[in-house]
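Written out below as structure tokens is the structure these notes cover.
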Amino acid sequence: MKTQKVWFITGASRGFGLEISKAVLASGDKLVATVRKNPETLSAQFDNNPNLLVVPLDITNEAKAKEAAAKAIEHFGRIDVLVNNAGFGLLSAVEEATAEEVKKNYDTNVFGLLNVARAILPYMRKERAGHVINISSVGGLAAYFGWGVYGSTKFAVEGLTEAMALELAPLGIHATVVAPGFFRTNFLDESSLIRTSNEIADYHETVGNMRVLATELSYKQPGDPEKLAQAFIKLAAAENPPVHLPLGSDTLQRFREKTAAFEKDIEAWYDVIVGTDHDDVKQAK
């Protein structure tokens, strides 16, 4: 008989969060779904399912994150799977992005994720069990022009999750970072994507073309969100889940291209790379 898990998913009102929420409830598991506003709308969408608790949460507010975690524990008794999904994109050249735009992107994508993790991990540590799943991006594995700042937030998520996996493993808790490619969600429209207010003409051939491409690609992306949601169900059920899980053939191709280019650089600069060691270290080798 299937053991019922309790999930905690941020940003559950649309996109990946909504699709994963649908899959979780369809599987028979319990769900704490957080939304920034109008929690009653999501509850009604799922016909007030008794396995669902919808909690309003702005993840940039650490105190509210702790309150949401406490409500989850009070309602369901535990949290088995945390999915840090809430976030948004910023389409901008690195130089174009204003300080305020960069700060807002980091406040949600990095510091918001940390707020929720810090709120929930004490309960998982107490149980010596749990699985933290942080959502990154193909842009967190390899850079694209126009996505430098956003990608850097996801590079941070990759690094944080790798460290969490090491730190939490002795406590019986898993950590996985999922890097989706381009999936057919609302990510590229105005509900999830901010376009910088400061466009510089010199970036027209690079970032300017990416702005056009993002508009043309919206709702035509190759990835299937429903299949992504099922991948999350499989991931949460795994006895030995991976630390890294890229999703989508485009993500896999992009990562392989990056590692191949990295290996070429290492080969070309090998003498310089190893030539920076102290002479006694070289002799010891």
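Residues 214 to 498, numbered by this note's numbering, are exactly what the sequence shown covers, in order.
Backbone N, C-alpha and C define an ideal beta-carbon position, used for all residues, glycine too.
Remember, it's a predicted structure, so these values are computed and weren't measured experimentally.
As assigned by DSSP and simplified to three states, the class of residue i
i	result
G302	strand
P455	coil
I386	strand
K243	strand
I486	helix
L373	helix
L354	coil
L460	strand
DSSP bridge partner residues for residue i (one or two, in chain order)
i	result
T472	T472 is not bridged to any residue.
A407	Here residue 407 turns out to be Ile, not Ala, going by the sequence shown. According to DSSP, I407 bridges with L303.
K344	Sequence check: residue 344 is His here, not Lys. Its beta-bridge partners are V294, H387.
I222	A246, V296
L265	L244
Sub-8 Å separation of residue i and residue j beta-carbons
i	j	result
V323	S349	no
L255	V248	yes
Y416	T366	no
A378	A392	no
I446	A236	yes
A427	I233	no
I386	N328	no
N549	T419	Past the boundaries of the shown model lies residue 549; the chain is included only from 214 to 498, so the question cannot be answered.
Close Cβ partners of residue i (< 7 Å) along its chain, the five nearest in sequence each way excluded
i	result
A257	none
Member of the options whose CA lies at the smallest distance from the CA of residue i
i	options	result
K218	P455, A355, T389, L295	L295
P263	G421, T273, K243	K243
E280	E314, R331, A299	R331
Y336	A285, T311, A355	A285
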